[in-house]
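The numbering used here puts the first residue of the sequence shown at 8, with every later residue one more than the last. These notes concern the structure reproduced below.
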Amino acid sequence: MQQFYTVTFATILKNKIIKYTIDESESKLNEIIRDEIKRNTLDKKYNLSGEDSIFGGYDIYKHIPFGYSVPLKTPLIKLNLKFVSSVRGNIKNILRLKRVNGEAYDIHRAIAIVLVTILTIVSSYQILIHGFTENTSLSIMPVFGIGYFLIVEIIARIIFKNLCKKVEKIMNTEGIVYTKL
């Protein structure tokens with residue numbers, strides 16, 4: 008019997024949350040992240056910026072300075088770093104890293120929707136007026152809008168993975184023992 012891989016909303020959400028078990032207290036990593044967020048641009052050790060999250064914990068994102076200005080006021084995605092207490096066995100804390108879409112991601116998604124809509128209308132009009140006989144390439148115009156959004160999504164996933172690796176690097180550098188769930 009063949010198994011088919013189906014993409015559901017649950018599998019998409021599953022890829023946006025990564026969990027770690029940490030044997031030490033949460034205060035050490037919280038202190039490191041809080042200090043990194045409060046540092047000046049040129050003094051940053053791990054190149055992270057962030058803020059307190061409305062979901063609890065911290066929203067962290069990469070800080071990209073160009074000289075003394077910061078052109079990226081709204082990051083594409085943020086990484087929500089939150090500790091969840093656990094009482095199971097000898098596991099002390101669970102660190103949850105969750106992808107949170109930023110304002111820039113929402114703007115790019117809106118641009119992609121507008122682009123797909125306009126290109127669908129234009130290609131439908133051209134097909135109705137001229138038919139498929141003259142130019143069949145007009146029917147694939149909406150693919151460009153979908154391609155634009157897929158490129159933005161690929162960049163967002165790369166940033167998410169890089170931020171998760173950066174948190175792992177912080178834990179390795181500071182000697183925090185962790186296990187990925």
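Just so it is clear, CB atoms sit at the ideal spot from N, CA and C, and this is done for glycine as well.
C-alpha distance - residue i paired with residue j, whole-angstrom precision
| i | j | result |
| --- | --- | --- |
| Ser-32 | Ile-61 | 22 Å |
| Gly-57 | Gly-138 | 53 Å |
| Leu-86 | Gln-133 | 44 Å |
| Thr-186 | Asn-179 | 11 Å |
| Thr-189 | Tyr-112 | The structure shown does not extend to residue 189, since the chain is modelled only from 8 through 188, so no value can be given for it. |
| Lys-105 | Ile-128 | 37 Å |
Proximity of residue i and residue j at Cβ, strictly below 9 Å
| i | j | result |
| --- | --- | --- |
| Leu-188 | Lys-69 | no |
| Leu-88 | Gly-64 | yes |
| Pro-149 | Leu-135 | no |
| Ile-147 | Ser-130 | yes |
| Phe-90 | Leu-122 | no |
Distance between beta carbons of residue j and residue i, contact taken as under 8 Å
| i | j | result |
| --- | --- | --- |
| Ile-166 | Leu-55 | Contact doesn't hold; Cβ gap of about 12 Å is too wide. |
| Lys-52 | Glu-38 | That belief does not hold up - the Cβ atoms of Lys-52 and Glu-38 are roughly 13 Å apart, past 8 Å. |
| Val-159 | His-115 | 4 Å |
heavy atom of the ligand GTP below 8 Å from residue i C-beta
| i | result |
| --- | --- |
| Lys-187 | Looking at this structure, you won't find the ligand GTP or any other ligand, since it has none at all. |
- prompt: Which ranges would you report for the beta strand (DSSP E) in the region 77–160 if only whole runs of at least 3 residues count?
  reply: 84–92 and 100–108
message: Any contact between the region 96–115 and the region 24–31? By contact I mean 3 or more CB pairs, one from each, below 8 Å.
response: yes
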